[in-house]
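Asks: The numbering of the sequence shown is my numbering, which starts it at 13 and goes up by one. Even glycine gets a Cβ: it sits at the ideal position worked out from N, Cα and C.
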Amino acid sequence: MNLIEQQEKEFISRHIGPNQLEEKEMLKITGEKNLDDLVNKTVPSNIKNKENMKLPTPMSEAAYLEHIQEVGQKNIVAKNFIGQGYYGTHTPSVILRNIFENPGWYTQYTPYQ
13 MNLIEQQEKE FISRHIGPNQ LEEKEMLKIT GEKNLDDLVN KTVPSNIKNK
63 ENMKLPTPMS EAAYLEHIQE VGQKNIVAKN FIGQGYYGTH TPSVILRNIF
113 ENPGWYTQYT PYQ
């Protein structure tokens with residue numbers, strides 16, 4: 013197995029869930045015959061999704077990185093206008109002291125609690 017195949021296998025196993033050995037151990041501990049029985053016993057039927065999930069085909073980490081770069085290329089870099097029209101002004105010390113530096117204006121907690 014070459015390095016790329018090994019990395020792909022590690023990527024998939026990292027994100028897919030327990031392997032067969034871990035499943036057997038889990039079923040042995042819980043006393044269930046298979047995963048379906050375990051799920052039926054633990055997940056209430058009123059919250060189960062009755063339909064099959066429509067998942068895309070699995071892909072390797074390298075393929076996913078290529079895919080996400082293609083998606084990222086669709087982003088539009090735009091000019092940021094946040095802060096436009098701001099003019100540096102002098103804030104009087106009485107306003108600073110009694111409003112901006114007073115946590116009573118921006119928190120529900122008082123120093124007495």
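#1: Within the region 21–100, note down every full alpha helix (DSSP H) run reaching 4 residues or more, in order along the chain.
#2: Would Glu44 pass as a contact of Lys53 if the rule is Cβ separation under 8 Å?
#3: Closest by CA to Phe7, which one among Ala74, Leu33, Pro68?
#4: By Cβ distance below 7 Å, which residues in the same chain neighbour Val55 in space, the five residues on each side in sequence not counted?
#5: Between Met38 and the rest of its own chain, which residues show a CB-CB distance below 7 Å, the 5 nearest in sequence each way excluded?
#6: Which same chain residues, not among the five before or five after Ser72, have their C-beta less than 6 Å away from its C-beta?
Replies: Reading from the atomic positions:
#1: 32–42, 47–54, 73–84
#2: yes
#3: The chain is shown only over 13 to 125; residue 7 falls outside these bounds and no answer can be derived.
#4: none
#5: Pro30
#6: Glu20
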